[in-house]
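Data block below; observations after.
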Amino acid sequence: MGHFPPALPPRPVYREPNPISAGLLLSGIGATAVWFALFGSLGRDLMSYAWWTVAAAISAWVVAAFLTLFGDRGVAVGVAATSGLGLATAVGLVAERWITTNDWPLW
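My numbering puts the first residue of the sequence shown at 3, with every later residue one more than the last.
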C-alpha cells in the first residue's frame, strides 16, 4: 500500500463580522440626502449654497468616521458616498459659474 501524506488542516474561512446590508446603506443615503437638502436650502445664492454644502459635507464626514469606528459601517458608507456626491454637485455648479462668467463665485 502507498504512503499518503497527512491531511492538511481545513482552509480558514474569513467572514465579515458585521456585513453591510442594503437597508442600512439606503438609510445612510436617505439621511444624508435630507441633510444636504436642509443645508442647501439655507443658501440664498450660489456662494452661500456652496459654503453651506461644504459645512454639510464636513459634518457628514465626521459622522461617517464616527459610524465607521463605533456604529454601523453600512450607514457610514451611505453617508460618505452621498456626501461626496453632494459636494461634487456644489463644486460642479461653482466651476460652471466660474467658467461661464470668468468670475470666482465664492468670494
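Glycine is no exception: its CB is placed at the ideal position from the N, C-alpha and C atoms. The structure presented is a predicted model; accordingly, all values stated were derived computationally and were not measured.
* Asked: Quick one, which of M49, D47, R75, G86 has its alpha-carbon nearest S61's?
  -> G86
* **C-beta atoms of G69 and A78 nearer than 8 Å** => For the record, residue 69 in the displayed sequence is Leu; it is not Gly. Contact: yes.
* **G45 versus A67: straight-line alpha-carbon distance, rounded** => 26 Å
* Inter-stretch contact at 8 Å, needing at least 3 Cβ pairs: the segment 30 to 41 / the segment 80 to 95 -> yes
* **Beta-carbon gap between I22 and G76 smaller than 8 Å** => yes
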